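Just so we're aligned, residue 265 is where the sequence shown starts under the working numbering, counting upward by one.
The beta-carbon is built from N, C-alpha and C at its ideal position, and this holds for glycine as well.
In this text the structure is predicted, and so the values were computed from the model without any measurement.
To start, the structure itself, in structure tokens.
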Amino acid sequence: MKIGITGASGKLGNWAVNKLKNRVADKDIVALVRTPEKVASLGVEARVFNYDKTENLAASLKGVEKLLLISGNEIGKRFEQHSAVINAAKEAGVKHIVYTSLLKADNTSIALAPEHLQTEEALKNSGLTYTILRNGWYNENYTETAQNSLAQGALYGSSGEGKINSASREDYAEAAAVVLSEEGHQNKVYELSGDQAFTMKDYAQMMSEISKKDISYVNLSEEEFSKALEQVGMPTAMAKFYAGTHTSTLNGDLSDNRNTLSALIGRPTTTITQSLEVALQ
């Protein structure tokens with residue numbers, strides 16, 4: 265049985281291939297990417313796969329029975345791209361699609377939700393079996409900018425005391441590998457998040473303890489935070505979106521204490537503290 269992974273050259277997709285290699289034979293994995301040469305080191309079959317070149321998608325999926333559809337990164341074009349992949353999968357004879365959606369997609373205020381919900385609905389109406397992985401935030405969404413916060417001596421945001429249950433990309437990728445390699449996950453929706461809840465103030469405290477420097481959390485209004493991000497060079501639209509996610513945090517949209525992710529992967533999720541220790545090495 266061939267298992268295809270879209271976006272295999274990306275950070276989540278790369279992890280997913282490597283996690284899947286621990287569960288199935290390399291010959292049964294197909295990396296679906298724009299540029300196959302970029303994933304040669306993965307040691308699996310690679311095929312050209314471009315969400316925007318719909319005429320070639322079905323041919324690239326030939327022989328694939330299960331497909332991990334990692335959501336595209338072009339906001340506003342995602343549903344169109346995902347629909348093309350779903351249609352191509354049906355044409356190619358794919359039997360099961362696993363889709364990476366968004367935590368609480370059906371009742372979150374995060375601006376990314378509508379395209380995810382549209383994709384979920386398209387999957388449910390496709391006639392294929394599916395598994396929807398509603399992924400929470402990645403630890404890396406925070407830790408990849410930790411060095412900048414350290415240099416500034418402060419952490420800025422607008423999430424107040426909002427709780428976050430994030431996990432590492434590796435954790436979410438492992439969940440995908442479990443679902444792709446096991447039976448019993450058909451037509452299920454999983455809300456996935458980290459075991460550890462924290463606020464941005466907690467995060468600043470963790471950063472202080474690890475770095476041995478005093479890092480304070482400065483809470484701004486959404487508008488103030490958006491303008492501050494623009495002042496350091498972030499494009500206006502992205503600044504508004506990013507500040508909006510902090511307000512969503514305040515609303516509880518990134519908090520979930522069901523521990524479904526750790527149950528699925530059979531181990532505790534990677535804490536933000538663990539990821540931060542690596543980022544600040």
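Exercise. Measure the alpha-carbon distance for Lys330 versus Phe462 and round it to whole angstroms.
Key: 35 angstroms
Quiz item: Quick one, which of Arg522, Leu376, Lys427, Met471 has its alpha-carbon nearest Leu456's?
Solution: Arg522
Quiz item: Taking the C-alpha atoms as reference points, what is the distance between His449 and Ala386?
Solution: 18 angstroms
Quiz item: With respect to the alpha helix (DSSP H) encompassing Tyr550, which residues constitute its N-terminal and C-terminal limits?
Solution: Because the chain here runs from 265 to 545, residue 550 falls outside it and cannot be looked at.
Quiz item: Taking all protein chains shown into account, do 16 or more other C-beta atoms lie within 10 angstroms of the C-beta of Glu319, making it buried, or fewer, making it exposed?
Solution: exposed
Quiz item: How far does the alpha helix (DSSP H) with Ala375 in it reach, from first residue to last?
Solution: Neither: Ala375 is in no alpha helix (DSSP H) and is coded neither H nor E.
Quiz item: Roughly how many whole angstroms lie between the Cα atoms of Ala353 and Ile334?
Solution: 14 angstroms
Quiz item: Measuring CB to CB, does Ser539 end up less than 7 angstroms from Pro532?
Solution: no
Quiz item: Looking at the unbroken beta strand (DSSP E) that takes in Glu309, where does it start and where does it end?
Solution: 309-312
Quiz item: Hey, would you say Phe313 sits closer than 7 angstroms to Leu296, going by beta carbons?
Solution: yes
Practice problem: Indicate whether the contact test is met: 3 or more Cβ pairs, each with one atom in the stretch 391-399 and one in the stretch 354-369, closer than 8 angstroms. | Solution: yes
Quiz item: For the stretch 291-306 against the stretch 268-278, are there 3 or more C-beta pairs whose distance is under 8 angstroms?
Solution: yes
Quiz item: Roughly how many angstroms separate the alpha carbons of Asn278 and Glu379, rounded to a whole number?
Solution: 23 angstroms
Quiz item: With DSSP run on the structure shown, which of helix, strand or coil describes Ser480?
Solution: strand
Quiz prompt | Cβ-Cβ distance between Leu419 and Tyr481 below 7 angstroms | solution = yes
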